[in-house]
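Take a look at the structure set out below.
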Amino acid sequence: RNDWSSLRFSSASSFGIGGGVAMRCSTLLAILTGVLLYLVLGAVVFRALEAPREEGKHMQLQDARRDFLMNFTCVGPDNLQDLIEEVVEAVSAGVDPSSNLTFVSQWDLASAFFFSGTIITTIGFGNISPKTEGGQLFCIFYALVGIPLFGILLAGVGDHLGTGLRKTVAKIEMLFLKWRVSPTIVRVISAVLSILLGCVLFVAVPIFVFQEVEKWTLLESAYFVVITLTTVGFGDYVAGIQHDHWYKPLVWFWILLGLAYFASILTMIGNWLRVLSKKTRAEMEELRAHATDWTQNIQNMSVDFRIPGKIDDPFKRRRRKRRHGTRSQGHSMSANGEAVGKEDPNVSQTGSESYTSSSVSNESGSGSESDSQLKYLFSRISHIAAESMSLLQDQTRVKCLLDN
Numbered sequence: 001r002n003d004w005s006s007l008r009f010s011s012a013s014s015f016g017i018g019g020g021v022a023m024r025c026s027t028l029l030a031i032l033t034g035v036l037l038y039l040v041l042g043a044v045v046f047r048a049l050e051a052p053r054e055e056g057k058h059m060q061l062q063d064a065r066r067d068f069l070m071n072f073t074c075v076g077p078d079n080l081q082d083l084i085e086e087v088v089e090a091v092s093a094g095v096d097p098s099s100n101l102t103f104v105s106q107w108d109l110a111s112a113f114f115f116s117g118t119i120i121t122t123i124g125f126g127n128i129s130p131k132t133e134g135g136q137l138f139c140i141f142y143a144l145v146g147i148p149l150f151g152i153l154l155a156g157v158g159d160h161l162g163t164g165l166r167k168t169v170a171k172i173e174m175l176f177l178k179w180r181v182s183p184t185i186v187r188v189i190s191a192v193l194s195i196l197l198g199c200v201l202f203v204a205v206p207i208f209v210f211q212e213v214e215k216w217t218l219l220e221s222a223y224f225v226v227i228t229l230t231t232v233g234f235g236d237y238v239a240g241i242q243h244d245h246w247y248k249p250l251v252w253f254w255i256l257l258g259l260a261y262f263a264s265i266l267t268m269i270g271n272w273l274r275v276l277s278k279k280t281r282a283e284m285e286e287l288r289a290h291a292t293d294w295t296q297n298i299q300n301m302s303v304d305f306r307i308p309g310k311i312d313d314p315f316k317r318r319r320r321k322r323r324h325g326t327r328s329q330g331h332s333m334s335a336n337g338e339a340v341g342k343e344d345p346n347v348s349q350t351g352s353e354s355y356t357s358s359s360v361s362n363e364s365g366s367g368s369e370s371d372s373q374l375k376y377l378f379s380r381i382s383h384i385a386a387e388s389m390s391l392l393q394d395q396t397r398v399k400c401l402l403d404n
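Quick note, the sequence shown lines up with residues 1 to 404 if you use full-length UniProt numbering.
What follows is the structure, encoded as structure tokens:
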């Protein structure tokens, strides 16, 4: 049963279901709530921005249809509606309705190559799509095989780009380290510079190229570049539709390099975060172990502070002996009366001197014992202070690590 429980636990941990790997339900619900709120925000903003234009276009179409029927009375409303439906169907099939007699196919070799590239890159612009049953069936299997194949290619290209990126980052880090800059700051600066370099090569330069070649505005060109590299691909703006055949394959290779570069950037950032997390976890484990040892030492010290014997006060002991001597002397005088009075005074003097010397010796012994106990207490207190300072230094070091 224990073997089965351990096997079940390890299997669950490997899939991220248990063992502290899976995300907490409260955290998951919080993230889900945030995503839903983000979707609601997007819906409200897009509706406020796009709905008025849609209503205006609808009213414009109705006015154009009514004016056409008023100017051409020989055409009935049903005939006009049939013509409109034919035009809509032709547009959905990829035919340009503005062309009269010249037919320009959107399924030439270059266009088909570009369409195949949008399938395996999962962009899917949607400006053209297979309409026949054979084309749709082939597209299913083509995507199932091509998407993993492109993923392998993307990983390989990303590795090579990542190698060059790491060399560049290493040179940048060495340059800053010569200036005695903090390693954490150097890593952040190198990451920012790497991202900026990729944005210049694969975002900024293509924006101006598409603006010049496609005759788009700067906003439209930037919109197309970002939507393409994020694999959203709405299809409202597609590069290379009205240009030479060589242009579309170049656009696809730009997509390949751009996706690979940003994938390598994300991988590098993930590795840095993973290393930082492991280092922080190790530091916290070390601090926790040190705190446990310190607590155990404190408990042991508290046991050592329990002094088994009472500290004798020499003054109290002297008073007790004096009272005891006076009491015994009174009893002896009452019992022997005159005999006591006739005793040699030298004897009493000698007894008093011996009492005094014994009291002094007891005082010195008790004092030395008290001094040794106080020295022991002071040594233990000094040890506690040293342990406290060591723990405080460890806490400060971990706090600085977390802040960085």
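C-beta atoms are modelled at their ideal positions from N, C-alpha and C, and glycine is treated no differently.
Relative to the C-alpha of V203, which candidate in L229, E220 and E214 has its C-alpha closest?
L229
Please tell me whether L165 and S264 are closer than 8 Å, where the distance is taken between their beta carbons.
yes
Which same chain residues, not among the five before or five after residue 454, have their C-beta less than 6 Å away from its C-beta?
In the structure as shown, the chain begins at 1 and stops at 404. Residue 454 is therefore absent and cannot be evaluated.
Taking only three categories from DSSP, how would you classify V91?
helix
If you compare alpha carbons, which of G198, N271, T292 and L218 is closest to W254?
G198
Pairwise C-alpha distance: D96 and G76
25 Å
Alpha carbon of V186 to alpha carbon of I172, nearest angstrom
8 Å
Below 8 Å on the Cβ atoms is my guess for G233 versus I119; work out the distance and round it to an integer in Å.
The Cβ separation is near 11 Å, so there is no contact.
Hey, would you say S111 sits closer than 8 Å to K248, going by beta carbons?
yes
Between D78 and E55, what straight-line distance do the alpha-carbon atoms span, to the nearest angstrom?
24 Å
At the level of alpha carbons, what is the spacing between E83 and T231?
Contrary to the premise, residue 83 reads as Leu rather than Glu in this sequence. Answer to the nearest angstrom: the Cα atoms are 36 Å apart.
Span separating the alpha-carbon of R53 from that of W272:
46 Å
Going straight from the alpha carbon of F114 to that of K178, what length do you get?
48 Å
In terms of residues, what are the limits of the alpha helix (DSSP H) holding R66?
C25 to N71
Flag L109 as yes when its Cβ comes closer than 7 Å to any non-hydrogen atom of the ligand HEM, and as no otherwise.
No copy of the ligand HEM occurs in the structure displayed, which carries no ligand at all.
Taking just the CA atoms, how far does A260 sit from C25?
34 Å
Measure the C-alpha to C-alpha separation of G156 and G162 and round it to an integer number of angstroms.
10 Å
Can you tell me where the alpha helix (DSSP H) holding K131 begins and where it ends?
Neither: K131 is in no alpha helix (DSSP H) and is coded neither H nor E.
By the DSSP assignment, the alpha helix (DSSP H) with Q106 in it spans what residues?
No alpha helix (DSSP H) contains Q106, which DSSP labels as neither H nor E.
Run of the alpha helix (DSSP H) containing G198, from where it starts to where it stops
P183 to C199
W107 burial status per 10 Å Cβ neighbour count (16 or more: buried)
exposed
C-beta contact flag for S221 and I241 at 8 Å
no
With H, G and I counted as helix, E and B as strand and the rest as coil, what does DSSP make of I381?
helix
Where are the alpha helix (DSSP H) runs, 4 residues long or more, that stay fully inside the UniProt domain "Potassium channel" (197–274), in chain order?
205–213 and 218–229
Determine the DSSP secondary structure at I123, reduced to helix, strand or coil.
coil
If I measure Cβ to Cβ from M268 and keep anything under 6 Å in the same chain, skipping five residues before and after, which residues do I get?
none
Look at the Cβ atom of residue 408, then the Cβ atom of F176, and state whether they are nearer than 8 Å.
With the chain covering only 1 through 404, there is no way to say anything about residue 408.
Residues in its own chain within less than 8 Å of D344 by CB, not counting five upstream and five downstream?
The predicted position of D344 is uncertain, since its pLDDT is 47 and thus under 50; a value taken from the coordinates is nonetheless stated next. Cβ neighbours of D344 beyond the five flanking positions: none.
Same chain, Cβ closer than 6 Å to E285, neighbours up to 5 away in sequence not counted:
none
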